[in-house]
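Novice:
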Amino acid sequence: MGGIYDDNMIDVLKAGAASVLPGWGMAPDTDVSLLTVSENATFLATDPNSGAKLILRVHRPGYHTRAEIESELAWINALRAAEVVDTPKPRLRSDGSLVAEFDQGGVSRHVVAFDFMSGSEPSADEALVDGFFKLGAISARLHGHARQWTRSVNFVRKSWTFDTTLGANPHWGDWRAAPGLDNDGLELLERLCSHLDQKLSTFGMGNDRFGLIHADLRLANLLVDGERLGVIDFDDCGFGWFGYDFAAAISFIELDPIIPALKEAWIEGYRTVAPFSASDAAMLDSFVMLRRLLLTAWIASHPETPTAQEMGTGFTAGTLQMAQDYLTAEGAK
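This note's numbering applies: residue -18 is where the sequence shown begins, and numbers increase by one.
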């Protein structure tokens, strides 16, 4: 691992996370171990005396502001209070705050803590079809809550529009820097972007299709424990198309043959809670393509992460295959 999350940096972040643990009532000798590295670094803190566990998320600098982080936690708390979804509780510090900070070489790093949630990441197998039926219903409940929830005037989260994903102001960098992308591939993806831009503009951003979403309901952010399907990591939550939550749910498995069954199950589950029109359903493949190219940009701009290193040029090749198949199906030139 190299770059912003090389091994030395992980040790620095681990020590920084440990330094703010007393504010959450954890013992000074609490064990802190790395769980995952993606946009942020996530640690498991285990108190050796009480056995208490906390999940600590150390935020990447320069991505979310403190106000954005506090807004994420406000939505989580509102969802929990309304019993909309099973998701871990954000933990208050002894001073009443939800966000801690430590100094890392002159850079302020934000840290938040959540209760530990048991469970395991679901696998992309036949059992996942039932899981996606549940996930569709969960997504509908999330969207329903977002539509009626009165947000604070201080609430601020990013928007996931064409402009901020693949356009002029991308949150995750330029897809044109994708590893292994040649001139022919570049031309294909430019045509794809033009088509998506036009299609999304026509679809529009009315309140019936665009609002506050989780935006990262992929398998790694789901925890299965018996019949319970828990949802974690609202770090990317923001304003986007409701159908985008399905696209995010199949991140990195878009080419798996099980996807059509997952899409059908997700729609069916959604419709047990709220309407999901034929025009909404017809847009899902476009959202999947948008998300796939966005992930291609993320891999290019986050080369230090294990995910990017694992995917490499093969992910770009898969994106090109998807783009060609999608444009052909759309009848686009």
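By construction, the Cβ of each residue, glycine as well, lies at the ideal position given by its N, Cα and C atoms.
Should R128 be labelled buried (16 or more other beta-carbon atoms within 10 Å of its own) or exposed?
Specialist: So R128 counts as exposed.
Novice: If you run the structure through DSSP and keep just helix, strand and coil, what is G221?
Specialist: G221 falls in the strand class under three-state DSSP.
Novice: So A(-1) and D28 are in contact, right, with Cβ under 8 Å, and what is the actual spacing, rounded?
Specialist: The Cβ separation is near 12 Å, so there is no contact.
Novice: To the nearest whole angstrom, what separates the beta carbons of A228 and V110, a pair I think is in contact under 8 Å?
Specialist: Rounded, the Cβ-Cβ distance is 17 Å, inconsistent with contact.
Novice: Identify which residue in A158, S104 and T146 has its Cα closest to the Cα of R199.
Specialist: Comparing Cα-Cα distances from R199 to each of A158, S104 and T146, the minimum goes to S104.
Novice: To the nearest angstrom, report how far apart L50 and H40 are at their CA atoms.
Specialist: At residue 50 the sequence reads Ile, which differs from the Leu that was named. I50 and H40: Cα-Cα distance of roughly 9 Å.
Novice: Taking Cβ positions, are L2 and S14 nearer each other than 8 Å?
Specialist: The answer is no: Cβ separation not under 8 Å.
Novice: Any idea what DSSP makes of S182, helix, strand or coil?
Specialist: Reduced to three states, the DSSP call for S182 is helix.
Novice: Roughly how many whole angstroms lie between the Cα atoms of A118 and G86?
Specialist: Approximately 45 Å between the Cα atoms of the pair.
Novice: Taking L109 as part of the alpha helix (DSSP H), name the residues at either end of that continuous run.
Specialist: Where L109 is concerned, the enclosing alpha helix (DSSP H) stretches over A108 to Q129.
Novice: Is the segment 236 to 245 in contact with the segment 136 to 148, if contact means three or more CB pairs nearer than 8 Å?
Specialist: No contact exists between the segment 236 to 245 and the segment 136 to 148.
Novice: Which of the three DSSP states, helix, strand or coil, is assigned to L25?
Specialist: Looking at L25 - three-state DSSP - the assignment turns out to be strand.
Novice: Figure out for me which residue from T68, G154, L60 and N(-11) has the closest Cα to the Cα of Y44.
Specialist: Considering only alpha carbons, the answer is G154.
Novice: According to DSSP, is K70 part of a helix, a strand, or is it coil?
Specialist: Three-state DSSP puts K70 in coil, outside helix and strand.
Novice: Assuming contact is defined by CB atoms lying nearer than 8 Å, are L116 and G4 in contact in what I supplied?
Specialist: Not a contact, by the Cβ cut-off of 8 Å.
Novice: Grouping DSSP H, G and I as helix and E and B as strand, with all else coil, what is I231?
Specialist: Coil, per DSSP.
Novice: I'd like the list of long-range same chain contacts for S282, defined as Cβ closer than 8 Å, with 5 residues on each side in sequence excluded.
Specialist: Correct list, in chain order: W153, G154, D155 and A158.
Novice: Does DSSP put F296 in a helix, in a strand, or in coil?
Specialist: Here F296 sits in helix by DSSP.
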